[in-house]
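Q:
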Amino acid sequence: MKKKILGALCLSMALACTVPLAACGGGSGGDVNGDGTWWSTTGELNKDANGKVVFDDISLRMSTIVSGVDKTPFGDIIAQFNAEYRGKININVSYLQGDNFEKDVTMKVQQNANNAPDIVMLHQESLKGFLDYKVIQPYDLAMEETGVEIDLTAFAQGVNQYSKAGTEYQYGVPFDAAGMVVYYNKDLLKETTGSDKVPQTRSELLSVCKQFKDKNSDNYPISWEVSGDFFCQYLMPTAVLQNGGYLYKEDLYSDWYNNETQRAIYKNAIQSVRSYIDSGYAKRGVHEMGGATEFMQNKSIFYVTMPWYRENIVSGYATMNQITEAEAEAKISGASVSGWFAIENETSDNAKKVFGDSHMFAMTKTVKDINEKAAVCEFVKWFTQNADVGAQWAEAGHVTLSNTIANSTTYTENKNVVNFIDNWYPHLDSFTTMGITPYYSTVNEHLRTLLSESLLEDNPTESTYLELIKTKQNALNSRIDVLKM
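With the working numbering, the residue at position 18 of the sequence shown is 16, and numbering never jumps.
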């Protein structure tokens, strides 16, 4: 029964991939200036006697990919900006579902619709698609024209390297990151090992798991929800990267099986996740009580999930154990999946990698008036350099990528940052996103189904894994060949 439930959930997960931008109808957008550019600037900048930009009741529309549990805290931050800039700049936000986000935004901008956004809050991997369809315009040129400066180099390089999408201009400003994280029970860890030292490598983690299992044969040291969308979507790429692999190549795209080295890496990646299950340290299917419940009942040391569930986990733990939330927070802390899946070279730079998403702000080509361009830059500067904002957004589970915020005491002394954020992402420049490819959803779809289908196998052999790798490689390349037509 568990196998059927897991299969159905993973199948629906695989089908829920992003709609390709090809559905929007080609790379229209036009060369409006005769020089290859599709954006323009109109009007004169409104300045005071000291040459400072004066914002006078400018209204901007934003479309954001945020639509889940972090929607409310994001809305609160926008409300704060609007209050501080009342009568000067006002941001109106539309929250769009992820499956149709790119298509919806692109169509509105291309059609110059009345509700087309001026600012897009997108995932990093969407930047290339929006650029190919001439939806967005560069920040660096807008800053030159307006004099509103954002230090575009002051962001974690691991993600910021993709902000130009392979061009000479910067089209995105990255400001946060999020991937799979680990909550752990401090008391259980110390009871198990006699130490409060969190395992840093796969070998150390397996040792902790064995010690726990030896003392608690009916329980599992690791709780995780393998049927969840994020589990396969984030952990399979993480396991590949930690074992020294790459997710795709521009020239061949996928050679997961054909390349002997990559074939061994992908096999190791699958086996590294499965080994926790096969060793009896984690369950394979949907938990009978739910992974969070087992963690809250002190039946698991570690709980692997997403960062924005922190408040629910802490409050749930407090309720279930009849203690205060402050007491619960003292018993729970954060750890990283860094090192969890590196079978060889456990201390290498690759072993530190964690795969996830990063949010960026982009300016669409609908913004033409120079005062509106200045307002967009002002908002992005405020969001990415304001320590209070960084701390608030961290409370919602998102680590800042802004060096300005990361180096401020307001951020570094925030208890959520100290107890969770800093521990979830200890090697921020090793945080890895999908990079620059218009086929990111297709690549990720095949990666996550590669893991989910391997989890369905009762007694997998090496040949089982290799056949799955070969099948997914060929299916991915065939799909991309069609998309390229």
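We treat Cβ as the ideally placed atom computed from N, Cα and C, and that holds for glycine. As the structure is a prediction and not an experimental result, all values here were calculated from the model.
According to DSSP, GLY354 sits in a beta bridge with which residue or residues?
A: The residue you call residue 354 lines up with position 356 of the sequence shown. DSSP lists GLY177 as partners of GLY354.
Q: Short check: CB of CYS172 to CB of PHE353, under 8 Å?
A: The residue given as residue 172 occupies position 174 in the sequence shown. The residue given as residue 353 occupies position 355 in the sequence shown. According to the sequence as given, residue 172 is Pro; it is not Cys. No, the pair does not count as a contact, with Cβ atoms beyond the cut-off.
Q: In this structure, what does DSSP give as the bridge partners for TRP222?
A: Numbered from its first residue, the sequence shown carries residue 222 at position 224. Bridge partners of TRP222: VAL302.
Q: Measure the alpha-carbon distance for TYR279 versus GLY226 and round it to whole angstroms.
A: For the purposes of this step, residue 279 is taken as the residue at position 281 of the sequence shown. For the purposes of this step, residue 226 is taken as the residue at position 228 of the sequence shown. Distance between the alpha carbons of TYR279 and GLY226: 18 Å.
Q: From which residue to which residue does the alpha helix (DSSP H) around MET119 run?
A: Stepping through the sequence shown from its first residue, residue 119 is reached at position 121. Careful: MET119 lies outside any alpha helix (DSSP H), inside the beta strand (DSSP E) at 117 to 121.
Q: Considering only the alpha carbon of each residue, which of PHE72, SER61, LYS45 and GLN390 lies closest to LEU94?
A: Indexing the sequence shown from 1 puts residue 94 at position 96. Checking every option, the nearest Cα to that of LEU94 belongs to SER61.
Q: I'd like the list of long-range same chain contacts for GLN168, defined as Cβ closer than 8 Å, with 5 residues on each side in sequence excluded.
A: For this step, residue 168 is matched to residue 170 along the sequence shown. Counting only Cβ-Cβ distances below 8 Å, and skipping sequence neighbours, we find PRO136, TYR137, ASP138, LEU150, SER161 and LYS162.
Q: Is the segment 360 to 371 touching the segment 454 to 474, taking contact as three or more C-beta pairs under 8 Å?
A: Because the criterion of three Cβ pairs below 8 Å is not met, the segment 360 to 371 and the segment 454 to 474 do not touch.
Q: If you count every other CB in all the chains shown that lies within 10 Å of the CB of MET432, and 16 or more means buried, which is it?
A: Taking the first residue of the sequence shown as position 1, residue 432 is located at position 434. The residue is buried, with at least 16 neighbouring Cβ atoms inside 10 Å.
Q: So for PRO197, helix, strand or coil by DSSP?
A: Residue mapping note: residue 197 aligns to position 199 of the sequence shown, counting from 1. Three-state result, PRO197: coil.
Q: What residues match up with THR362 in a beta bridge as DSSP calls it?
A: Counting from 1 along the sequence shown, the entry for residue 362 is found at position 364. Looking at the DSSP assignment, THR362 forms a beta bridge with ILE134.
Q: Using a Cβ cut-off of 8 Å (strictly closer), state whether ALA81 contacts chain C.
A: Among the chains in the structure shown there is no chain C, since it carries only a single protein chain.
Q: Kindly indicate the opening and closing residues of the alpha helix (DSSP H) around GLY73.
A: As a first step, residue 73 is located in the sequence shown; it is residue number 75 there, counting from the start. Run containing GLY73: 69 to 82, per the alpha helix (DSSP H) assignment.
Q: For ASP427, which residues from the same chain have a beta carbon less than 8 Å from its beta carbon, with the 5 sequence-adjacent residues on both sides left out?
A: For the purposes of this step, residue 427 is taken as residue 429 along the sequence shown, with counting starting at 1. For ASP427, where only same-chain residues beyond five positions count, the Cβ hits under 8 Å are ALA154, GLN155 and GLY156.
Q: How long is the line joining the alpha carbons of VAL302 and SER313, rounded to whole angstroms?
A: In the sequence shown, residue 302 corresponds to position 304, counting from 1. In the sequence shown, residue 313 corresponds to position 315, counting from 1. Roughly 17 Å between the two C-alpha positions.
Q: Please classify ILE419: does DSSP put it in a helix, a strand, or coil?
A: Your numbering for residue 419 matches position 421 in the sequence shown. Correct three-state label for ILE419: helix.
Q: Which whole-angstrom value describes the C-beta separation of ARG477 and THR447, a residue pair presumed to lie in contact below a C-beta threshold of 8 Å?
A: In the sequence shown, counting from the first residue as 1, residue 477 sits at position 479. In the sequence shown, counting from the first residue as 1, residue 447 sits at position 449. Between THR447 and ARG477 the Cβ distance is about 12 Å, and since that is not below 8 Å, they are no contact.
Q: Examine the Cβ distances between the segment 268 to 275 and the segment 338 to 345 and report whether three or more of them are shorter than 8 Å.
A: Counting Cβ pairs under 8 Å, three or more are found: they touch.
Q: Measure the beta-carbon distance from MET304 to VAL179 and round it to whole angstroms, keeping in mind my assumption that it falls under 8 Å.
A: One-based indexing of the sequence shown puts residue 304 at position 306. One-based indexing of the sequence shown puts residue 179 at position 181. So it is a contact: roughly 7 Å between Cβ atoms.
Q: From the DSSP output, read off the bridge partner residues of ASP29.
A: Start at 1 with the first residue of the sequence shown, and residue 29 comes out as number 31. Note: ASP29 sits in no beta bridge, so no partner.
Q: For MET361, count the other beta carbons within 10 Å of its own beta carbon; 16 or more makes it buried, fewer makes it exposed. Which is it?
A: Your numbering for residue 361 matches position 363 in the sequence shown. Buried, by the Cβ-count rule.
Q: Answer with buried or exposed for GLU393, where buried requires no fewer than 16 other C-beta atoms within 10 angstroms of its C-beta.
A: Within the sequence shown, numbered from 1, the residue matching residue 393 stands at position 395. By the 10 Å Cβ count, GLU393 comes out buried.
Q: By DSSP's criteria, VAL480 is part of a beta bridge. Which residues make up the other side?
A: Within the sequence shown, the letter at position 482 stands for residue 480. Per DSSP, none; premise fails for VAL480.
Q: Look up ALA111 in the DSSP assignment and say whether it is helix, strand or coil.
A: Residue mapping note: residue 111 aligns to position 113 of the sequence shown, counting from 1. The answer is coil: DSSP assigns ALA111 none of H, G, I, E or B.
Q: Around the Cβ of ALA333, are there at least 16 other Cβ atoms within 10 angstroms (buried) or fewer (exposed)?
A: Along the sequence shown, read from residue 1 onward, the residue named residue 333 stands at position 335. Per the 10 Å Cβ criterion, buried.
Q: Check whether the segment 387 to 405 and the segment 64 to 72 touch, using three or more Cβ-Cβ pairs below 8 Å as the test.
A: The answer is yes - the segment 64 to 72 touches the segment 387 to 405, with three or more Cβ pairs under 8 Å.
Q: Which residue or residues does DSSP assign as beta-bridge partners of VAL146?
A: Numbered from 1 along the sequence shown, position 148 holds the residue referred to as residue 146. Answer is none; VAL146 lacks a bridge partner.
Q: Distance, Cα to Cα, THR345 vs SER205?
A: By 1-based counting over the sequence shown, the position of residue 345 is 347. By 1-based counting over the sequence shown, the position of residue 205 is 207. Answer to the nearest angstrom: the Cα atoms are 16 Å apart.
Q: Would you tell me roughly how many angstroms separate the C-alpha atoms of LYS350 and SER336, rounded to the nearest one?
A: For the purposes of this step, residue 350 is taken as the residue at position 352 of the sequence shown. For the purposes of this step, residue 336 is taken as the residue at position 338 of the sequence shown. So the alpha carbons of these two residues sit roughly 5 Å apart.
Q: Is the CB-CB distance between LYS113 and ARG59 below 8 Å?
A: To locate residue 113, count along the sequence shown from 1; it is residue 115. To locate residue 59, count along the sequence shown from 1; it is residue 61. In the sequence as displayed, the identity of residue 113 is Asn instead of Lys. Closer than 8 Å, so yes.
Q: Alpha carbon to alpha carbon, how far is SER298 from VAL118?
A: Translated into the one-based positions of the sequence shown, residue 298 becomes position 300. Translated into the one-based positions of the sequence shown, residue 118 becomes position 120. Going from the Cα of SER298 to the Cα of VAL118 covers about 40 Å.
Q: DSSP three-state label for THR190, please.
A: Residue mapping note: residue 190 aligns to position 192 of the sequence shown, counting from 1. If DSSP states are grouped into helix, strand and coil, THR190 belongs with the helices.
Q: Quick one: any contact between the segment 321 to 330 and the segment 212 to 222, if contact means 3 or more CB pairs under 8 Å?
A: Judged by Cβ distances under 8 Å, the segment 321 to 330 makes no contact with the segment 212 to 222, as fewer than three pairs qualify.
Q: What whole-angstrom Cβ distance do LEU399 and ALA175 have, given they're in contact under 8 Å?
A: The residue labelled residue 399 in the question sits at position 401 within the sequence shown. The residue labelled residue 175 in the question sits at position 177 within the sequence shown. With 8 Å as the limit, LEU399 and ALA175 qualify as a contact, their Cβ atoms being about 6 Å apart.
Q: Check whether the Cβ atoms of GLN383 and THR402 lie closer than 8 Å to each other.
A: Taking the first residue of the sequence shown as position 1, residue 383 is located at position 385. Taking the first residue of the sequence shown as position 1, residue 402 is located at position 404. Going by C-beta atoms, GLN383 is nearer than 8 Å to THR402.
Q: Using 8 Å as the threshold, is the C-beta distance between ILE134 and ILE87 below it?
A: By 1-based counting over the sequence shown, the position of residue 134 is 136. By 1-based counting over the sequence shown, the position of residue 87 is 89. Cβ distance not < 8 Å, so ILE134 and ILE87 don't count as in contact.
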